[in-house]
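The structure appears below as structure tokens.
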Amino acid sequence: MLRIPFLDLPPLRGAAGTVRLPGSKSISNRLLLLAALAEGTSQIHDLLEADDTAVMLESLRRLGCAWRRRDDGVLEVEGMGGELALPAADLFLGNAGTAMRPLAAALALLAARDSGSYTLSGVPRMHERPIKDLVDALRGLGCTIEDLGQPGYPPLRVSGPAALHLGEPVRVRGDVSSQFLTALLMTLPLVATEQAVTIEVQGELISKPYIAITLALLERFGVKVIREEWSRFVIPAGSRLRTPGTLYVEGDASAASYFIALGAIGASTEPVRIEGVGSEALQGDVRFTDFARAMGASVSLEPNAISVARGRWPLRGIHADCVAIPDAAMTLAVMALFADGPTRLTGIGSWRVKETDRIAAMAQELRKLGAEVDEGPDWIAVKPLRQWQRASIHTYDDHRMAMCFSLAALNPVLGGEPVPVRIEDPACVAKTFPDYFEALLGLVKSEPSDVPVLCIDGPTASGKGTLADEVARRLGYAVLDSGSLYRAAALAAQSAGVDWADAVGVAKLACHLPLLFHAGRCWLGADDVTEALRAEAIGLGASQVAAHPEVRQALHQLQLSFRRAPGLVADGRDMGTVVFPDAALKVFLTASPQARAERRHKQLISKGISTSIAGLLADLERRDEQDRNRPTAPLRPAQDAKELDNSQLSIEDSVQQVLDWWAQANRFPAS
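Dropping the structure here:
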């Protein structure tokens, strides 16, 4: 996952391939709570690993529920049989509505029945998300709930004992959030042991498909709720939650919407295939495929997969009631930028009380891109965009804002001047899809000339590798350690039984070396070869294979292939002069021979290798002379390089200087 301040996405020109979805957040947190409250041990497969499930798991642990993750990834939950092991707990639930609402209901009911005291709090935004309608319903039952902040909002304290009034219907509003009804449905079976409990929904119930998920999961745990239309629900007397044992979490249908849109916009030659959810999904957001079809996408559904390709182009503007797909509907607002007419989305009033006010946030960020947008209490209207503007998208600590607006980087498919898109705080996707950007970048296509490159060249022992690794980490870019390529070619040839003197044979291997550089390590396929590359024999082999023009040409092409979205930091001796002469920023890093010799001496001594500064200094000066005077790509700064002498600088100072230069070369309008 990218834990960086921002991610700059270059212009993207298409997409194809297969993505596997993470588990559904809605199903994951429902299953966790039901498994904890039920009788018996549950084995949950394909559980979402993200912030929202992490806070639920931590809360269950604090309540005395035992769980463990097996080596195969399956989560085992020891059910508490409807009784809490601990009489008091303080729970922090982040910004997870799927944890806050049902836990508040469960703890209020159990505290009333058995006694206890529990506090529930979250991040500041959670304390702005209304919970009054659920609290009112629980208080109507007789539960004791104390507002610890603004009335009607978290944080809360629930306590007991208190007499429960189960003879009268429980009334809850349905037009603000379906999570209030879900919370009651999941937890009232705990107290419906002697008499049936009825829930009456006041007003129009929104997000009915999410209630359908809740009812289906309750049935798996042995509780069949009687539903009268969508306005009255009866939990039968004698209800008990019993685990079925093995449970599976289907892929996140809301997350599928981003890849469905990706296919509709960018899959012009072959489709984008989305695995983990399909025609047999419990989640109502799978209906997003109907809206994508209405806009012109070519969609094919299988029981557990969806394939999407570009159909009608440009997309068709639509007027759509999105009450059934409130989360996924955000993706339609960005797809509207690629349409041939206006798009109006209605039935999205619940956006106002989500992780942020999503209607206001969506309108604000779409306008940054150059779109004309109108908004109302429960609707948004977007006109097609033809003149794209370079924009830095504020994400409001809202995972869906970050994922939706990543699609704006596909702007080149409409023609016109391509522009990059900056996504601020990309780590906010950790709430539901920690590896979203890695998944997206594995599918998209870009022109090499669109992908930014930052070159760091310099002499031996100047610290190029350390600096390149840290700069790349801060930007979310890939790394090319060109100095390791010839050693990797020699190692690959040795492993394949190819003689180092066989120029053609080594060159064939060198063309397709599956190299990856990350965090100072070098990977050849699945093998970490960092230490193997430093072996003396491999160094001799590198010198031998480097003498072959065929190998040098093959490795030059391999170096160019590292230029992939979102960007590249390349370190070496000729990155800015020979390999990437069009790099957006070229840094020539140096230090005095004395400073470099002292650094190398410290490194070797720390590894138990005996050496002397004088000997290292002589060796460095000799290598500098050789590099400066070699006939091919001699060591020298590019004419437009910025020289950085780090003799007296810390690594942090050097990194910050390079990042400052990079910011000057890649300006975005202020957010």
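In terms of the working numbering, the numbers along the sequence shown are unbroken and rise by one, the last being 1085.
Note that the Cβ used here is the ideal one computed from N, Cα and C, for glycine as well.
When beta bridges are read from the DSSP output, residue 999 appears opposite 868. DSSP, reduced to helix, strand and coil, places residue 532 within a strand of the structure shown. Contact annotation: the region 769-788 touches the region 813-825, with at least three C-beta pairs closer than 8 Å.
According to the DSSP assignment, residue 472 belongs to no beta strand (DSSP E) but to the alpha helix (DSSP H) extending over 465-476. Within 10 angstroms of the beta-carbon of residue 900 lie 16 or more other beta-carbons, which makes it buried. Beta-carbon to beta-carbon, residue 1003 and residue 876 are separated by about 5 Å, close enough to satisfy the 8 Å threshold. Setting aside the 5 residues that flank it on each side, residue 707 is surrounded in the same chain by 713, each with a C-beta closer than 7 Å to its C-beta; the list follows chain order. Taken through DSSP and simplified to helix, strand or coil, residue 698 comes out as helix. In this chain, residue 607 is not harboured by any beta strand (DSSP E), its DSSP state being neither H nor E. Going by DSSP, residue 558 is part of the beta strand (DSSP E) stretching over 558-561. Residue 484 counts as exposed, since fewer than 16 other C-beta atoms from the protein chains shown sit within 10 angstroms of its C-beta.
Residue 821 holds the alpha-carbon nearest to the alpha-carbon of residue 748 among 737, 690, 821, 1018. Setting aside the 5 residues that flank it on each side, residue 964 is surrounded in the same chain by 917, 918, 921, each with a C-beta closer than 7 Å to its C-beta; the list follows chain order.
Membership of residue 984 in the beta strand (DSSP E) is indicated by the continuous run 982-986. When the alpha-carbon of residue 971 is set against those of 862, 692, 548, the nearest one is in 862.
Straight across, the Cα-Cα distance linking residue 837 with residue 428 is about 19 Å.
Shortest Cα-Cα distance from residue 568 to any of 590, 553, 934, 538 involves 538.
Across the structure, residue 809 and residue 572 are spaced so that their CA atoms are roughly 33 Å apart.
Residue 797: not part of any beta strand (DSSP E); DSSP gives it neither H nor E. As computed with DSSP, residue 672 is found in no beta bridge at all.
Sequence-distant partners of residue 742 (beyond 5 residues in either direction) whose C-beta falls short of 6 Å from its own C-beta, in its chain, are 668, 671, 699, 702. Annotation: residue 687 to residue 761 spans about 29 Å, alpha carbon to alpha carbon. Non-local C-beta neighbours of residue 730 in its own chain, meaning closer than 8 Å and more than five positions away in sequence, comprise 708, 709, 710, 753, 754, 755, ordered along the chain. Residue 425 places its beta carbon less than 8 Å from that of residue 860.
DSSP, read as helix, strand or coil, puts residue 805 in strand.
Runs of the beta strand (DSSP E) lying entirely within the region 759-793, each at least 3 residues long, are 787-790 in chain order. One Cα belongs to residue 705, the other to residue 783, and the distance between them is close to 23 Å.
Taken in chain order, the whole beta strand (DSSP E) runs of length 3 or more contained in the region 676-728 are 686-689, 712-716, 719-723. Its chain contains 1007 as the residues whose beta carbon lies nearer than 8 Å to that of residue 1035, once the 5 sequence neighbours on both sides are disregarded; these appear in chain order.
About 17 Å separates the CB atoms of residue 513 and residue 456; that is not less than 8 Å, and the two are not in contact.
The beta carbons of residue 575 and residue 528 sit closer together than 8 Å.
Unbroken alpha helix (DSSP H) runs of no fewer than 4 residues, entirely contained in the region 1006-1067, are found at 1007-1020, 1027-1043, following chain order. Here residue 509 is buried: its Cβ has 16 or more other Cβ atoms, across all protein chains shown, within 10 Å. Taken atom to atom, the span from the alpha-carbon of residue 600 to that of residue 421 is near 39 Å. For residue 900, the enclosing alpha helix (DSSP H) begins and ends at 899-910. Across the structure, residue 650 and residue 608 are spaced so that their CA atoms are roughly 9 Å apart.
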